[in-house]
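Residue numbers (our numbering): 0 to 237. First comes the structure, then the notes that go with it.
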Ligand code: ADP
Ligand code: MG
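Written out as structure tokens, the structure is:
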């Protein structure tokens, strides 16, 4: 379903040139789970962000193809990539507040994502959001719907992000260190939630972490990145 071939991402030029992602190739099938592990600065996030064209503006994609369902995503213009992002391909991050708007109630934020990609009335969208909140095991969905992000715990905010990410039943979910900021118990719950959702929706999952232990609980396949390159890859038997 997703095939990245020879991806290279650079910053700067001349003497100050940094090759942040160096000739990386990965593949993820529908329903499969790929783990990307590596120390901080090894190029994991940039690899992920390149898929949905969210690289920082200074980053230059100097080579590579990102084929998703037969389309090279690197060739798409802004309007075209929006049809994929948040719809067929979603992403969740380590820090939920980077994606949540602090001044809009949680329910409304998720409803907006649904309305953006599906022709639903506000009422229908709300019903759908409450279903999603149940699906991601948020307690008292009606209360959460009316809450602002700061009124929720870290784990609850991450569940809101996951609800948002799966709202349009994506084919591919990219999770970039989604549990790193959470305590161990909550981390385990989120991992088991992601595993269940992957099976339910038959989604491909890219799970990024600096922690091989965490990766081994979600991924069937793993690649190890070091200084921008893939230095090892293999299967994980769960
Ligand atoms: P990881 O997610 O593995 O921690 P990143 O993909 O975020 O690593 O970054 C990889 C490398 O790319 C960094 O070590 C840094 O050298 C470079 N880099 C990332 N973002 C920027 C930026 N905005 N400007 C300059 N260099 C950057
Ligand atoms: Mg990162």
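Built from N, CA and C at the ideal position, the CB exists for glycine as well.
Would the beta-carbon of residue 33 fall within 8 Å of that of residue 205? Within the chain shown, residue 33 is the residue found at index 34, counting from 1. Within the chain shown, residue 205 is the residue found at index 206, counting from 1. Yes. Within cutoff.
Decide yes or no for the touch test of the segment 217-227 against the segment 19-39: beta carbon pairs closer than 8 Å, at least 3 of them. yes
Which listed residue (54, 9, 172, 228) has its alpha carbon closest to that of residue 28: If you number the chain shown from 1, residue 28 lands on position 29. Cα-wise, what sits closest to residue 28 is 172.
N- and C-terminal bounds of the beta strand (DSSP E) containing residue 10: If you number the chain shown from 1, residue 10 lands on position 11. From DSSP, the beta strand (DSSP E) with residue 10 extends over 1-10.
Any heavy atom of ligand 2 closer than 7 Å to the Cβ of residue 226? Indexing the chain shown from 1 puts residue 226 at position 227. For ligand 2, not one heavy atom lies less than 7 Å from the Cβ of residue 226.
Is it the case that the CB of residue 24 approaches a heavy atom of ligand 2 more closely than 7 Å? Along the chain shown, read from residue 1 onward, the residue named residue 24 stands at position 25. Not so, every heavy atom of ligand 2 lies at least 7 Å from the Cβ.
Do residue 185 and residue 162 count as a contact pair if the criterion is CB distance below 8 Å? Here residue 162 is taken as the residue at index 163 of the chain shown, counted from 1. Here residue 185 is taken as the residue at index 186 of the chain shown, counted from 1. No, the Cβ-Cβ distance between residue 162 and residue 185 is not below 8 Å.
Of the residues 10, 120, 225, 131, which one's Cα is nearest the Cα of residue 58? The residue labelled residue 58 in the question sits at position 59 within the chain shown. Checked all of 10, 120, 225, 131; the closest Cα to residue 58 is 10.
Can you tell me where the beta strand (DSSP E) holding residue 175 begins and where it ends? Here residue 175 is taken as the residue at index 176 of the chain shown, counted from 1. It spans 171-175 - the beta strand (DSSP E) in which residue 175 sits, taken as one unbroken run.
If contact is defined by three or more beta carbon pairs under 8 Å, each pair taking one atom from either stretch, is the segment 153-167 in contact with the segment 57-72? no
Other residues of its chain near residue 39: CB distance less than 7 Å, five sequence neighbours each side excluded: As a position in the chain shown, residue 39 is number 40, starting the count at 1. Same-chain partners within the cutoff: 209.
Using a threshold of 8 Å, state whether the C-beta atoms of residue 203 and residue 20 are closer than that. Taking the chain shown and counting its residues from 1, one reaches residue 203 at position 204. Taking the chain shown and counting its residues from 1, one reaches residue 20 at position 21. No.
What does the Cβ neighbour count give for residue 145, buried or exposed, with the cut at 16 atoms within 10 Å? One-based indexing of the chain shown puts residue 145 at position 146. Residue 145 is exposed by the Cβ-count criterion.
Identity of the residues DSSP links to residue 59 by a beta bridge: As a first step, residue 59 must be located in the chain shown, where it is residue number 60. DSSP, once it has assigned bridges, lists 9 as partnering residue 59.
Would you identify the three-state DSSP class for residue 84, choosing helix, strand or coil? Looking up residue 84 in the chain shown gives position 85. Residue state, collapsed to three classes: strand.
What three-state label does DSSP hand residue 167 in the structure shown? The residue labelled residue 167 in the question sits at position 168 within the chain shown. Coil at residue 167, not helix or strand.
Determine whether the beta carbon atoms of residue 165 and residue 196 lie at a separation below 8 Å. As a first step, residue 165 must be located in the chain shown, where it is residue number 166. As a first step, residue 196 must be located in the chain shown, where it is residue number 197. Contact: yes.
Please classify residue 91 as buried or exposed, where buried requires at least 16 neighbouring CB atoms within 10 angstroms. Residue mapping note: residue 91 aligns to position 92 of the chain shown, counting from 1. Burial call: buried.
Between which two residues does the alpha helix (DSSP H) containing residue 199 stretch? The residue given as residue 199 occupies position 200 in the chain shown. Start and end: 183-200.
What distance in whole Å lies between the Cβ atoms of residue 235 and residue 44, which are believed to be in contact at a cut-off of 8 Å? The residue given as residue 44 occupies position 45 in the chain shown. The residue given as residue 235 occupies position 236 in the chain shown. Wrong, their Cβ atoms sit about 21 Å apart, outside the cutoff.
Taking 7 Å as the cut-off, is the C-beta of residue 19 nearer than that to any heavy atom in ligand 1? One-based indexing of the chain shown puts residue 19 at position 20. Yes - ligand 1 has a heavy atom lying nearer than 7 Å to the Cβ of residue 19.
Starting from residue 94, trace the alpha helix (DSSP H) both ways and give me its first and last residue. Indexing the chain shown from 1 puts residue 94 at position 95. First-last for residue 94: undefined, no H or E at that position.
DSSP three-state assignment for residue 106, whether helix, strand or coil: As a first step, residue 106 is located in the chain shown; it is residue number 107 there, counting from the start. DSSP places residue 106 in helix when its eight states are reduced to three.
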